[in-house]
DNA sequence: CAATCATATAACCTTTTGGTTATATATAGA
DNA sequence: TCTATATATAACCAAAAGGTTATATGATTG
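Protein chains in written order, with the numbering used here: chain Y, 7 to 112; chain Z, 7 to 112.
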């Protein structure tokens, strides 16, 4: 079972994911958006692929990366579950929070 | 700002948190519940304390640990919010999920 | 106060993580 | 086909993470 925490545990990887939110990106584009080397980026991408948080597709000489929404949503649910269980009855405003998050406010 | 991903990123630490869900525990009790050494547990506790996910209170020769629910919830909200932001419009059934989770089903 | 029990700390080890540079491979185009 | 460009891989490095054992400290109790 893939480890979401591992995937999201690094700030560079979170920045990569945020980039992909705005549409698929080639490895080159990602590399150019950071100050670290291409092999370093490649390693982060490999980890994100391993944890199935992103997907890869080959297009000519380019590699395109995209968010794996399904997996992210699973991760989300997994985390929700875990914290729900932890906080149990003390979980006061989570439903509230999500509702606010989606439709902004009451 | 403390790094919640760091605190929650380790399975042993998540297991410790799950233990504390069932009531406050002394360090000794926690150590006994795991197969690793007391100093190893102590290190995990220190990290959780640093990130303010748990609190400590001295009681005689014991150290009692308890969940810091507020902080824990903030931590998860931060992570969940990040994922929400990633999924943005694609986040279809989150509200649904939470509602079902809370009031069972339709 | 001596012994015991719970916790703290020091020193050390191995593996993982996140990075590097140098170089190989593969595809596209002139 | 030769060249330029995109990506992959190898070899290496330093620091952090997660663990160990040995030992010190501090509180409780016989």
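The beta-carbon is built from N, C-alpha and C at its ideal position, and this holds for glycine as well.
Query	Result
Residue 80 (chain Z) beta carbon less than 8 Å from that of residue 92 (chain Y)	no
One or two residues paired with residue 65 (chain Y) in a DSSP bridge	Y:68
Residue 42 (chain Z) (DSSP reduced to helix, strand or coil)	coil
Stretch pair the stretch 57-74 of chain Y + the stretch 60-76 of chain Z: three plus CB contacts closer than 8 Å	no
Close Cβ partners of residue 39 (chain Z) (< 7 Å) along its chain, the five nearest in sequence each way excluded	25
Neighbourhood of residue 34 (chain Z) by C-beta, 6 Å cutoff - its chain only, sequence neighbours within 5 removed	none
Backbone CA spacing between residue 68 (chain Y) and residue 43 (chain Z) [nearest angstrom]	49 Å
Of the listed residues Z:75, Z:49, Z:31 and Z:74, nearest to residue 16 (chain Z) (C-alpha basis)	Z:49
Under 8 Å between C-beta atoms of residue 88 (chain Y) and residue 30 (chain Y)	no
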